[in-house]
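Only one structure is covered here, and it is reproduced in the block below.
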Amino acid sequence: MSAYERYIVCAKRLGAKDSKIISPKTIVVAEWVRIKCKFGCSGYGQSLTCPPHSPLPDETRRILSFYKSAILVQGGAYTDIHALIPVLEREIFLGGYFKAFGMGAGPCELCVRCAKFCRYPEKTRPSMEACGIDVYSTVRGNGYPIKVLRNGDCKGNYYGVVLIE
């Protein structure tokens with residue numbers, strides 16, 4: 634068993650449908666992603682984990698350059714990826730990987746309104762898309778399914794990532 638296999642098991646125990654170890658080099662960062670947040674998401678500017686407060690794409694690229702391993706987590710239609718990722722990140726950190734940092738999916742919904750400083754920094758992380766990550770290209774490039782949800786009745790696959798070391 635590789636050193637990271639226990640985190641794949643942990644992710645599944647936390648409710649993930651699947652997870653796998655990936656290279657951060659396969660994480661696609663694109664300038665256009667955050668504009669979709671700005672002109673397409675009602676959460677824009679409402680959360681400290683969303684743009685314009687989240688890392689810009691260039692900063693995300695720089696951050697990724699410091700990592701050689703990550704775990705990509707696939708959630709099902711009812712998996713709360715936003716809650717799962719900080720817990721998994723903490724497990725990885727406690728396992729000795731002090732650089733562990735996670736990114737979830739979608740805006741934080743812990744509070745009705747953000748305060749000047751986050752009330753729950755241990756429970757929330759920015760979403761991949763808020764950091765400029767092209768989730769569709771990243772997920773497909775790592776062998777997972779993802780599709781555009783055409784209406785609110787569609788069940789989606791939600792993804793998160795934890796950078797390990």
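Count along the sequence shown starting at 1, add 633, and that's the number in our numbering. All C-beta atoms, glycine included, are put in the ideal place defined by N, C-alpha and C.
Scanning its chain for C-beta atoms nearer than 7 Å, with the 5 sequence neighbours on each side dropped, one finds around C764 the residues S687, P688, T693 and M736, in chain order. Within the same chain, Cβ atoms closer than 8 Å to the Cβ of R773 are found at I779, the five residues on either side in sequence being excluded. By the neighbour-count criterion, in which a residue is buried when 16 or more other Cβ atoms sit within 10 angstroms of its Cβ, N790 is buried. Taking C-beta atoms as the reference points, I641 and A703 fail to come closer than 7 Å. G776 has its alpha-carbon roughly 21 Å from the corresponding atom of R639. No Cβ-Cβ contact shorter than 7 Å links A649 with G739. If you draw a straight line from the Cα of L697 to the Cα of R723, it is about 19 Å long. For the alpha helix (DSSP H) assignment, the uninterrupted runs of no fewer than 4 residues enclosed by the stretch 646 to 673 are, from N- to C-terminal side, 666 to 671.
In the structure shown, the three-state DSSP call for F734 is strand. Here the C-alpha atom of V666 lies approximately 11 Å from the C-alpha atom of S760.
For G708, there is no enclosing alpha helix (DSSP H); the residue is part of the beta strand (DSSP E) that begins and ends at A703 to G708.
Residue environment analysis places L705 among the buried positions, since at least 16 neighbouring C-beta atoms fall within 10 angstroms of its C-beta.
By the Cβ-count criterion, V745 is exposed, with fewer than 16 other Cβ atoms from all chains shown falling within 10 Å of its own Cβ.
In this structure, Y711 and E798 do not form a Cβ contact; the two beta carbons are roughly 31 Å apart against a cut-off of 8 Å. Pairing L721 with Y753, the inter-Cα distance amounts to about 16 Å.
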